[in-house]
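Residue numbers (our numbering), protein chains in the order written: chain A, 1 to 291; chain B, 1 to 398.
Below is the structure:
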């Protein structure tokens with residue numbers, strides 16, 4: 001048996017928080033769509049995958065710095081999200097929940113197959129930055145620290161937008177009550193498109209940031225759909241700060257479970273935690289909106 | 001397309017298929033009818049790419065046999081169907097091949113799970129099946145009489161690593177694996193070999209498929225500071241583990257991965273970080289096996305790409321079967337079986353020799369090491385074309 005030293009514990013907490021910040025940003029997107037239109041977007045992970053491919057493509061063709069490619073991947077996938085909302089998702093917003101699940105599941109299959117056609121299923125990677133910053137006994141993975149900083153920055157901007165701007169307030173108004181928002185003169189269709197676009201852009205940012213850490217392939221998104229789902233339920237579905245808390249918590253729990261138990265069970269531990277949270281606080285840690 | 005025209009099209013299709021089936025079932029016109037060998041191969045689905053390499057191996061083998069006048073004076077002809085990468089479809093297709101198409105011989109499908117499933121069918125009808133792409137030991141250890149193995153089993157993938165480490169007097173090894181059948185079997189095999197050779201297994205842990213963050217796992221490994229790290233991996237995980245080992249500055253004297261380390265993409269992805277890492281493979285075209293150069297050239301000119309081990313194993317499996325038929329001078333299952341059990345042969349894929357269960361004993365896994373961007377075979381000695389670079393230097397001193 002391995003004795004766990006404080007240094008090991010510290011190292012693992014560092015890794016967990018770094019991962020958690022990224023989860024939080026990606027999950028915020030999923031939570032946004034759910035909050036605004038009660039649609040659970042199964043295609044969230046595949047949108048992240050597209051973001052990763054945009055970065056890979058720009059890096060391998062013109063050698064663009066992967067972090068600068070955020071400026072491309074986010075707007076491109078934002079527009080894709082707006083289009084998806086306008087042409088497809090709009091039709092199922094008020095339909096029974098199963099319809100939106102089926103539709104977004106269909107979209108996710110289409111996106112994965114598109115990526116297979118366009119980029120083949122060969123594994124790709126963006127070999128840009130490796131190694132770590134060594135501070136005392138702790139190693140801070142360079143790629144993960146940078147990803148964490150960007151994720152924190154982007155998440156903060158998204159929150160500022162939601163809290164301070166008129167459009168952001170409109171989004172929150174629609175997510176609180178669509179009818180009242182409509183009565184107050186808010187163009188709900190436009191808000192839906194904006195929310196879906198913004199959520200897609202958050203997923204794409206996640207894709208760009210993980211592109212430098214893991215192998216890129218068409219199926220890479222699925223795991224992020226699940227993790228984001230876990231995060232928003234943990235934090236409270238429709239509660240935006242809840243996604244932040246949920247993300248950090250998931251990152252920590254996964255790593256601590258790997259450290260104290262085994263890596264094999266880290267997902268199981270995360271889901272057990274979810275069950276416990278739902279039993280004690282059925283609306284999530286920070287309380288979600290009841291449907 | 002309207003529903004009517006769709007129905008019509010379907011009807012034509014059915015009619016055409018029916019006609020084709022009648023033609024296929026027509027009795028042989030002469031005594032010299034071709035020898036039909038049936039197989040299902042994954043041409044669509046998960047295994048599509050690898051399955052198609054195996055199929056190309058079969059085709060090249062048949063072509064070469066025919067160029068030399070065929071087998072038992074008959075032309076060799078493959079009847080291959082697509083099992084869509086699913087065992088159930090494979091089972092159905094082998095039933096069809098044997099009972100409807102009345103093929104006289106069969107060859108194995110792609111992958112262990114499908115071979116396992118269809119072996120029940122081939123046993124039932126007493127057909128010898130050389131299964132060239134099945135690496136799971138249990139398939140051949142269930143008392144089946146007619147199944148034969150060609151490639152090395154998962155357990156010995158890292159035999160070379162253990163052997164080299166033991167010879168250098170290294171003491172400790174940490175083993176990690178993805179929690180799926182092949183990698184788990186491989187990790188268990190590695191641990192057993194390590195214990196036999198006097199290495200102490202100081203850490204062993206599995207991680208789930210799709211895991212991308214190995215920080216905690218590697219932090220624990222760092223704490224035990226092993227001489228050797230063995231990772232039973234596929235590909236993404238092999239890459240991720242390597243990157244995070246660098247990040248956490250974990251410095252074993254030797255580090256090997258099972259699958260992934262042998263692919264050119266491994267170096268493309270990791271660049272100089274792949275240096276010093278060992279990978280395991282069933283076959284490389286640079287190995288000094290008889291007929292290797294001819295096989296490589298013929299394959300390249302026929303299919304316009306270099307063969308991978310799946311191509312070579314398929315090719316060799318077919319060569320081995322046909323050789324056994326020749327030596328037995330018969331297609332009779334029991335006679336061919338007797339011959340296959342006794343036969344020892346070296347093909348472009350390496351050695352073939354099985355035990356009484358048809359389990360492969362002679363074929364050697366080889367260990368490669370990435371050196372200056374090239375794969376160098378460093379184990380076993382008799383096949384090596386270079387010396388291992390040892391030890392792996394610490395990440396921060398490269």
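The C-beta atom is built at its ideal place from N, Cα and C for all residues, glycine as well.
{"Check": "Count the other C-beta atoms from every protein chain shown that fall within 10 angstroms of the C-beta of residue 192 of chain B, then say buried if there are 16 or more, exposed otherwise.", "Outcome": "exposed"}
{"Check": "From residue 395 of chain B to residue 333 of chain B, what distance separates their C-alpha atoms?", "Outcome": "57 Å"}
{"Check": "Closest Cβ-Cβ distance between residue 116 of chain A and chain B: below 8 Å?", "Outcome": "no"}
{"Check": "Where does the unbroken alpha helix (DSSP H) through residue 240 of chain A begin, and where does it stop?", "Outcome": "240-260"}
{"Check": "Determine whether the Cβ of residue 49 of chain A lies closer than 8 Å to any Cβ atom of chain B.", "Outcome": "no"}
{"Check": "Can you name, in chain order, every residue of its own chain whose Cβ lies under 6 Å from the Cβ of residue 308 of chain B, other than the five neighbours on each side?", "Outcome": "53"}
{"Check": "Alpha carbon to alpha carbon, how far is residue 27 of chain B from residue 37 of chain B?", "Outcome": "In this prediction, residue 27 of chain B scores a pLDDT of 46, lower than 50, which makes its location untrustworthy; the coordinate-derived value is nonetheless stated afterwards. Each residue's alpha carbon lies about 16 Å from the other."}
{"Check": "Quick one, are the C-beta atoms of residue 106 of chain B and residue 97 of chain B less than 8 Å apart?", "Outcome": "yes"}
{"Check": "Which residue wins for smallest C-alpha separation from residue 283 of chain A, given the options A:234, A:266, A:256, A:135?", "Outcome": "A:234"}
{"Check": "When the Cβ atoms of the stretch 286-296 of chain B are set against those of the stretch 161-168 of chain B, are three or more pairs found closer than 8 Å?", "Outcome": "no"}
{"Check": "Using a Cβ cut-off of 8 Å (strictly closer), state whether residue 11 of chain A contacts chain B.", "Outcome": "yes"}
{"Check": "What residues are listed by DSSP as bridge partners for residue 379 of chain B?", "Outcome": "B:367"}
{"Check": "Pick helix, strand or coil for residue 177 of chain B, following the three-state DSSP scheme.", "Outcome": "strand"}
{"Check": "What residues are listed by DSSP as bridge partners for residue 295 of chain B?", "Outcome": "For residue 295 of chain B, which the question treats as bridged, DSSP gives no partner whatsoever."}
{"Check": "Taking the C-alpha atoms as reference points, what is the distance between residue 113 of chain A and residue 174 of chain A?", "Outcome": "33 Å"}
{"Check": "Measuring CB atoms only, is the stretch 54-68 of chain A touching the stretch 273-280 of chain A, in the sense that at least three cross pairs come out at less than 8 Å?", "Outcome": "no"}
{"Check": "Smallest Cα separation from residue 132 of chain A: which of B:283, B:357, B:256, B:248?", "Outcome": "B:248"}
{"Check": "For a minimum of 4 consecutive residues, which ranges assigned as the alpha helix (DSSP H) are wholly contained in the stretch 86-133 of chain A?", "Outcome": "97-119"}
{"Check": "Which runs of the beta strand (DSSP E) fall wholly inside the stretch 263-317 of chain B and span at least 3 residues, in chain order?", "Outcome": "278-281"}
{"Check": "Counting only beta-carbon atoms, is residue 307 of chain B nearer than 8 Å to chain A?", "Outcome": "no"}
{"Check": "Express the C-alpha separation of residue 306 of chain B and residue 300 of chain B in angstroms, rounding to a whole number.", "Outcome": "5 Å"}
{"Check": "Taking all protein chains shown into account, do 16 or more other C-beta atoms lie within 10 angstroms of the C-beta of residue 85 of chain B, making it buried, or fewer, making it exposed?", "Outcome": "buried"}
{"Check": "Can you pull the chain A neighbours of residue 213 of chain B, defined as C-beta to C-beta under 8 Å?", "Outcome": "15, 19, 254, 255"}
{"Check": "Rank A:14, A:250, A:121 by C-alpha distance to the C-alpha of residue 144 of chain A and give the top, closest one.", "Outcome": "A:14"}
{"Check": "State buried or exposed for residue 42 of chain B, treating a residue as buried only when at least 16 other CB atoms are found within 10 Å of its CB.", "Outcome": "buried"}
{"Check": "From the DSSP output, in three-state form, read off residue 26 of chain B for me.", "Outcome": "Low local confidence applies: a pLDDT of 47 at residue 26 of chain B is under 50, so the model's placement there is unreliable, with the coordinate-based value given in what follows. Three-state DSSP puts residue 26 of chain B in coil, outside helix and strand."}
{"Check": "Reducing DSSP to helix, strand and coil, say where residue 188 of chain A ends up.", "Outcome": "helix"}
{"Check": "Does the beta carbon of residue 81 of chain B sit closer than 8 Å to a beta carbon anywhere in chain A?", "Outcome": "no"}
{"Check": "Quick one: using the 10 Å Cβ neighbour count with 16 as the cut-off for buried, is residue 87 of chain A buried or exposed?", "Outcome": "exposed"}
{"Check": "Quick check: the Cα distance between residue 378 of chain B and residue 275 of chain B, rounded to an integer number of angstroms?", "Outcome": "14 Å"}
{"Check": "Name the chain B residues whose beta carbon is nearer than 9 Å to that of residue 5 of chain A?", "Outcome": "223"}
{"Check": "With a 10 Å radius around its C-beta and 16 neighbouring C-beta atoms as the bar for buried, classify residue 261 of chain B as buried or exposed.", "Outcome": "buried"}
{"Check": "Please list the terminal residues of the continuous beta strand (DSSP E) segment that includes residue 157 of chain A.", "Outcome": "No beta strand (DSSP E) contains residue 157 of chain A, which is instead part of the alpha helix (DSSP H) from 142-164."}
{"Check": "Measure from the C-beta of residue 248 of chain B to each C-beta in chain A and report whether the shortest distance is under 8 Å.", "Outcome": "yes"}
{"Check": "Decide yes or no for the touch test of the stretch 64-83 of chain A against the stretch 41-52 of chain A: beta carbon pairs closer than 8 Å, at least 3 of them.", "Outcome": "yes"}
{"Check": "Roughly how many angstroms lie between the CA atoms of residue 184 of chain A and residue 190 of chain A, to the nearest whole one?", "Outcome": "14 Å"}
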